[in-house]
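To start, the structure itself, in structure tokens.
Numbering (the numbering used here), first residue to last: 1387 to 1552.
Okay, here's the thing in structure tokens:
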């Protein structure tokens, strides 16, 4: 009996960890937001990214046209995911944990997140098709630099915390 309970706890923990990783992955943008950019904008809407990549207004216009419906769908899925996540948070905060309810709600949240991730991938693919090979390579460099900057920031914070705790 203890083995079954232990496996369920591990399974629940693994699902929670997977959910966290998927949320974190969805949060990472293709390019860093700048002070004059609105957070949450797609990279082709960020003036500095457009400037660095030398994206023409015609390219931006085609990208907007190609992605318009998917962007709306993405916004709806993001809103739905937040609702599902809030419902999951309520289950976690309850006086008594309902394992079946938590697992069911986790599956619902993951299903919405999977749909959101798929739509976001489709948006990115449609946008990338409008760029030249050189523009795509430069965008990848920008993304890698942004990810490295985030990684470094996290590492620095962890080092500062460990120094503070010493």
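Heads up, the beta-carbon is just placed ideally off N, CA and C, and yes, glycines get one too. Since we're looking at a predicted model, the values are computed, not measured.
Residue i and residue j closer than 8 Å at C-beta
| i | j | result |
| --- | --- | --- |
| residue 1467 | residue 1502 | yes |
| residue 1448 | residue 1508 | no |
| residue 1500 | residue 1471 | no |
| residue 1528 | residue 1435 | yes |
| residue 1505 | residue 1456 | yes |
| residue 1491 | residue 1473 | yes |
Residue i, buried or exposed, once every other Cβ within 10 Å from all chains shown has been counted against 16
| i | result |
| --- | --- |
| residue 1439 | buried |
| residue 1409 | Interpretation of residue 1409 is limited by its pLDDT of 49, a score under 50 that renders its predicted location unreliable; the figure taken from the coordinates is listed afterwards. It is exposed - the Cβ of residue 1409 has fewer than 16 other Cβ atoms within 10 Å. |
| residue 1542 | exposed |
| residue 1432 | buried |
| residue 1483 | exposed |
| residue 1417 | With a pLDDT of only 40 at residue 1417, under 50, the local geometry of the prediction cannot be trusted, and no value is derived from it. |
| residue 1420 | Because residue 1420 sits at a pLDDT of 46, beneath the cut-off of 50, its placement in the model cannot be relied upon, and the following sentence gives the value as read from the coordinates. Exposed is the call here. |
Nearest-angstrom Cα separation, counted from residue j out to residue i
| i | j | result |
| --- | --- | --- |
| residue 1357 | residue 1429 | The structure shown has nothing for residue 1357, since the chain only spans 1387 to 1552. |
| residue 1526 | residue 1445 | 18 Å |
| residue 1454 | residue 1549 | 48 Å |
| residue 1546 | residue 1535 | 16 Å |
| residue 1514 | residue 1522 | 7 Å |
| residue 1437 | residue 1533 | 20 Å |
| residue 1461 | residue 1469 | 13 Å |
| residue 1538 | residue 1485 | 37 Å |
| residue 1458 | residue 1489 | 29 Å |
| residue 1464 | residue 1544 | 30 Å |
| residue 1476 | residue 1451 | 39 Å |
| residue 1551 | residue 1443 | 52 Å |
| residue 1478 | residue 1427 | 31 Å |
| residue 1524 | residue 1493 | 37 Å |
| residue 1487 | residue 1518 | 48 Å |
| residue 1520 | residue 1441 | 11 Å |
Residue i CB to nearest heavy atom of the ligand SAM below 7 Å
| i | result |
| --- | --- |
| residue 1487 | In terms of ligand content, the structure shown is empty, and the ligand SAM therefore cannot be addressed. |
### Task
With a floor of 3 residues, list each beta strand (DSSP E) that falls wholly inside the segment 1434-1500, ordered by position along the chain.
none
### Query
Which runs of the alpha helix (DSSP H) fall wholly inside the segment 1523-1549 and span at least 4 residues, in chain order?
none
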